[in-house]
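Contents: one structure, followed by commentary.
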Amino acid sequence: MTLLDVEDLVISSAGARLVDGIDLSVRAGERVGLIGESGSGKSLTALGVMQLLPRGISSTGSIRFEGRDLARISERARSSLRGRRVAMVFQEPMSALNPLMRVGKQIAESLTIHKTLSRAEAKEEAARLLARVEIHDPRAVLRAYPHELSGGQRQRVVLAMAIANHPVLLLADEPTTALDVTVQHRVLRLLDGLVRAEQMALLLISHDLAVVSGICDRVMVMYGGRVVERATVGQILAHPRHPYTAGLVATSASLGGAPSAASRRRQPLPTIPGTAPSAAAASRITGCPFRARCGWASPRCLEEPRLETIVDGHDVACWHPLPAPAAPRRAREASGLAGRADVALGPGLAQAAPPVTSDGEGAAPILECRKLVKVYRPELARQGGDPPAAHIRALDGVDLVVLEGDVLGIVGESGSGKSTLARILLALDRPTSGEVRFRAARIDGSPERALRAMRREVQVVFQDPLGSLDPRMRVRDIIAEPLHALGVEGDHRQRVAELREAVRLPRDTGRRYPHQLSGGQRQRVAIARALAPRPKVLVADEAVSALDVSVRAQILNLLGELIGRFALTVVFISHDMAVVQHLCNRVVVLYRGKVVEEGLVEEVLTRPKSSYTQGLLAAIPRLGKHVGDDRSATVGAAPSPD
Amino acid sequence: MSILPVRLDAVTGAEPVPDEEITGEPSLWHRWRHSPSAIVGSVISAGVVVVAVVSLVWTPYSPLAINMAATFARPSAQHLLGTDQYGRDVLSRLMSGTDATLYAGVVSVLGAGAIGIPAGLYAAQRGGLPGQLVLRLADLVYAFPALLVAVVLATDFGGSTLTVMGAVALAFVPVFARVTRSGALGVLSLDYVTAARACGVSRTRILRRHVLPNIAPLVITQMTLLLSVAVLADAALTYLGLGAPPPAASWGLMLEEAQRYMGTDPLLVVWPAVTIALCVLGFNLLGDGLRDVFDPRRRDR
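Protein chains in written order, with the working numbering: chain A, 251 to 892; chain B, 31 to 331.
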């Protein structure tokens with residue numbers, strides 16, 4: 251039975267068609283994934299289905315849910331369906347909860363809106379629901395305010411509210427994107443179990459193919475406000491037909507695959523060239539929205555391809571769908587994407603010095619820290635005299651040696667202290683105790699004047715490319731800033747041009763402002779700035795985490811190439827084991843301010859010693875691996891309360 | 031969009047800039063045109079400035095020329111707004127007063143900014159005890175009534191434009207310090223400042239290159255809004271006799287004198303009152319408009 255049947259959904263704002271005619275159907279109990287990068291219109295589609303579009307954005311088309319057209323019934327009738335028959339879960343659990351209301355009351359409210367329950371009954375039911383979403387101490391959580399809970403617990407509370415009235419359809423928009431890997435794994439498994447047990451249908455919206463493939467039956471791939479491919483998970487992974495999907499599969503597969511041998515490290519990843527257009531830009535493209543990035547584009551692509559069925563249950567909107575019976579790897583080659591990655595590097599650059607993986611022997615330590623402790627005293631403690639327990643030990647005795655030529659990965663989840671460690675290594679923050687040395691000279695607590703030599707040799711790239719660039723400076727001034735600040739001699743304009751070439755930014759980027767660039771380009775600017783004073787060491791703090799899947803591979807390729815070309819020593823801080831595995835030769839695993847494991851990447855990934863690392867590795871969503879498939883993710887995991 | 035250039039991009043590995051992002055967000059000009067307060071505010075403010083400048087070189091009559099033969103004249107072709115109790119041309123006096131008011135307002139706002147902005151930057155940058163000290167000092171000044179300052183100053187130095195400017199400027203210093211500090215604290219916590227520090231950029235350079243340009247919209251908006259307050263304060267203080275003494279052509283003074291002849295010629299009160307209101311309204315609208323223009327999200331909310 252078809253539960254939700256959306257036909258020709260168009261969502262537009264100020265004349266721009268942000269979502270351009272989408273058909274979508276979900277049967278009872280079915281799990282459908284909606285995949286897309288930022289700007290693809292996937293979240294708007296969800297809001298459009300619920301008729302919850304922000305002011306100024308309107309929709310047309312029919313949205314039949316249980317036989318009634320949501321777009322045509324009254325707002326009152328819709329409200330009675332929302333929460334009762336259809337429920338929604340958003341990315342940010344904090345903003346989905348009222349910060350001034352105790353959790354128990356909020357859950358009870360969602361129960362009493364639609365049902366006539368007494369207060370005592372509602373409270374009882376709320377406790378039962380919290381137990382249902384596997385919260386350990388439901389009674390305590392009922393009395394808590396949202397800010398007292400961790401991200402994972404909050405998302406569980408939101409889930410409890412969502413299933414409170416036994417809806418038949420659950421819409422989840424990036425429900426685990428803001429969570430840590432291990433927490434994500436557990437929440438996804440919970441979601442999977444709940445959907446099964448309650449026999450709900452699920453529409454899961456995500457940018458992450460691996461997450462969707464681990465939980466859904468069918469997948470729809472969106473690009474530029476249109477659905478470009480629709481098939482079962484198996485079909486999409488095995489035989490992607492649309493070049494874009496093929497690119498996504500190839501990118502996800504090469505990063506999320508089995509631990510790669512050292513020889514394949516930093517080899518160019520398959521990428522999709524270019525950037526996904528923003529929703530507004532895509533709305534102006536006539537014809538196939540992907541053709542600008544497509545290796546198969548032909549004049550025919552100026553005409554809009556319709557979504558057509560090629561095999562049973564496999565629809566694709568492309569004039570040149572990839573041939574059918576091809577193994578994923580063949581498909582990738584057929585799409586020309588794998589090959590293009592090498593071409594993308596350009597002649598000469600592809601053969602740039604192979605990465606030096608000295609693996610440590612004989613190299614001198616360049617950056618090291620001993621018994622590093624960092625205690626943050628919360629503001630409250632300072633004023634009110636809370637017990638010392640309220641102090642946060644962000645780092646708790648960390649020893650770390652970075653050897654010259656190392657590409658050291660520091661892996662940890664939120665709260666592991668990895669960013670604090672980065673700040674201390676960069677001498678931007680002082681440790682509470684312990685020492686940091688750069689080339690044997692102490693840098694902790696040194697006055698800024700004494701750090702100039704070190705500043706010149708140690709540079710940094712941050713996570714958020716927009717936030718790390720001054721919005722009021724032109725790109726060329728941003729790149730030149732360290733040259734001025736550190737008094738680097740020589741022709742700065744010349745150097746900026748060199749750097750722009752090295753990170754392969756178009757020539758006219760120099761006079762632009764950061765907001766005029768795409769996310770990938772901004773990160774290229776940040777990398778160029780870091781490389782400006784010819785540093786020896788590059789500290790990258792989650793440098794690719796904020797980027798879209800296809801752009802992430804481009805930046806990883808660039809980093810890999812630059813590491814080889816400039817013989818950089820790198821401290822690469824990330825929550826993402828897959829990325830670390832691709833780029834680094836050594837890895838340190840941080841957990842709650844302590845190093846729980848360290849060693850060569852191959853060793854740690856294939857034979858993790860600590861139970862925490864084992865849990866972390868098992869939690870990584872991998873293509874085609876069902877979330878319920880293995881239980882190891884929690885077996886050994888140090889019980890980090892999510 | 032043709033296919034060829036894009037293929038070139040693919041080969042060089044450069045990311046093509048999506049069309050929309052070349053234009054970026056709507057320009058300031060575009061936002062200005064869509065903000066009614068900005069338009070009306072700029073027109074009025076520009077008018078005020080033009081009148082002030084013109085009055086420097088030309089007024090219909092001398093603002094001080096007494097003509098006892100034509101006192102309390104009704105508005106006519108000779109005297110567009112009539113004359114006052116000494117037969118002085120009201121329009122000329124209002125025009126000349128614009129110049130005085132604007133001058134006093136601009137000087138006091140700029141003077142306050144010259145002290146308050148660096149103080150705010152210092153407090154934000156230093157934090158700790160020195161930062162707290164600056165803040166508490168600002169609180170102290172803020173708590174001291176500006177009127178009292180004006181009275182004290184007038185007692186010592188006599189009422190004059192300078193007295194008014196001093197009192198008003200002193201009252202504005204803490205406002206600037208607070209606005210600057212909170213804005214600067216926001217900017218200082220951003221990644222690009224951390225990135226600049228990691229690049230070895232010095233503290234003062236960070237303040238000059240990164241913080242100041244990024245809080246400039248905030249400060250400029252604040253200046254415009256304070257200018258309207260200054261106009262009002264100038265009129266009020268002069269009215270109380272703490273500002274420029276007679277026979278100066280000042281709006282506050284005109285109001286005070288006209289009040290005595292309200293029975294004879296009520297229009298004499300109306301002209302300066304309307305002028306003051308219009309001028310305050312203009313700067314206020316301009317300030318609001320600038321805020322819209324600089325921070326469009328705020329207006330959407």
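Note that beta-carbon positions come from the ideal geometry of N, C-alpha and C, so glycine has one too.
Using a beta-carbon distance below 8 Å, is residue i in contact with chain B?
i, result
"P425 (chain A)", "no"
"D258 (chain A)", "no"
"R706 (chain A)", "yes"
"F688 (chain A)", "no"
"A735 (chain A)", "yes"
"P520 (chain A)", "no"
"P732 (chain A)", "yes"
"S718 (chain A)", "yes"
"D714 (chain A)", "yes"
"V710 (chain A)", "yes"
To the nearest angstrom, how far is it from the Cα of residue i to the Cα of residue j?
i, j, result
"L111 (chain B)", "D295 (chain B)", "12 Å"
"Q773 (chain A)", "R726 (chain A)", "14 Å"
"L311 (chain B)", "L736 (chain A)", "49 Å"
"R334 (chain A)", "R406 (chain A)", "18 Å"
"L183 (chain B)", "L170 (chain B)", "18 Å"
"V205 (chain B)", "Y172 (chain B)", "8 Å"
"L297 (chain A)", "R328 (chain A)", "13 Å"
"R779 (chain A)", "I729 (chain A)", "4 Å"
"C466 (chain A)", "A451 (chain A)", "10 Å"
"Q252 (chain B)", "A260 (chain B)", "12 Å"
"S669 (chain A)", "I823 (chain A)", "8 Å"
"C229 (chain B)", "V408 (chain A)", "42 Å"
"A647 (chain A)", "K844 (chain A)", "A small correction: the amino acid at residue 647 (chain A) is Gly; Ala does not occupy that position in the sequence shown. Approximately 6 Å, taken between the alpha carbons."
"L259 (chain A)", "I323 (chain A)", "16 Å"
"R439 (chain A)", "V445 (chain A)", "10 Å"
"D270 (chain A)", "P764 (chain A)", "29 Å"
Counting only C-beta atoms, is residue i closer than 8 Å to chain A at any point?
i, result
"P160 (chain B)", "no"
"N244 (chain B)", "yes"
"G230 (chain B)", "yes"
"L220 (chain B)", "yes"
"H240 (chain B)", "yes"
"T294 (chain B)", "no"
"T224 (chain B)", "yes"
"R156 (chain B)", "no"
"R227 (chain B)", "yes"
"R235 (chain B)", "yes"
"P46 (chain B)", "For P46 (chain B), the pLDDT reaches just 40, beneath the cut-off of 50, and the residue's location in the model is therefore unreliable, although a value from the coordinates is still provided. So yes, P46 (chain B) belongs to the interface."
Measuring CA to CA, which of the options is closest to residue i?
i, options, result
"S262 (chain A)", "A:I285, A:E424 and A:G306", "A:G306"
"G143 (chain B)", "B:G319, B:L242 and B:C309", "B:L242"
"G289 (chain A)", "A:L797, A:R702, A:V661 and A:I813", "A:L797"
"G474 (chain A)", "A:L498, A:P756 and A:K292", "A:K292"
"L719 (chain A)", "A:A869, A:G770, A:G354 and A:S533", "A:G770"
"V816 (chain A)", "A:L840, A:L788 and A:V829", "The displayed chain sequence assigns Phe, not Val, to residue 816 (chain A). For F816 (chain A), the nearest C-alpha among the options comes from A:L788."
"V652 (chain A)", "A:L676, A:L294 and A:V445", "A:L676"
"S683 (chain A)", "A:T426, A:L361, A:T856 and A:K624", "A:K624"
"A828 (chain A)", "A:V478, A:S502, A:F340 and A:V657", "A:S502"
"P573 (chain A)", "A:A496, A:L733 and A:Q744", "A:A496"
"T305 (chain B)", "B:G271, B:T131, B:T254 and B:A176", "B:T131"
"A303 (chain B)", "B:G319, B:L285, B:F313 and B:R290", "B:L285"
"R872 (chain A)", "A:Q301, A:L487 and A:I323", "A:L487"
"R784 (chain A)", "A:A793, A:P764, A:M704 and A:V483", "A:M704"
"C619 (chain A)", "A:G655, A:H564, A:P681 and A:R643", "A:P681"
Where are the alpha helix (DSSP H) runs, 4 residues long or more, that stay fully inside the stretch 214 to 294 of chain B, in chain order?
221 to 228, 233 to 236, 242 to 269 and 281 to 290
Go through the stretch 332 to 406 of chain A residue by residue and report every complete run of the alpha helix (DSSP H) that reaches 4 residues or more, in order.
343 to 346, 353 to 364, 369 to 382 and 388 to 393
Counting only runs that start and end within the stretch 286 to 336 of chain A, where is the beta strand (DSSP E) found for 3 or more residues in a row?
307 to 315
Taking beta-carbon pairs under 7 Å, can you tell me which members of the stretch 424 to 457 of chain A lie near chain B?
none
Identify every run of the beta strand (DSSP E) within the stretch 119 to 147 of chain B, keeping only runs that are complete inside it and at least 3 residues long; order them along the chain.
none
Identify each residue in the stretch 665 to 691 of chain A for which the Cβ-Cβ distance to at least one residue of chain B is less than 9 Å, and report them in chain order.
R673, L676, A677 and L678
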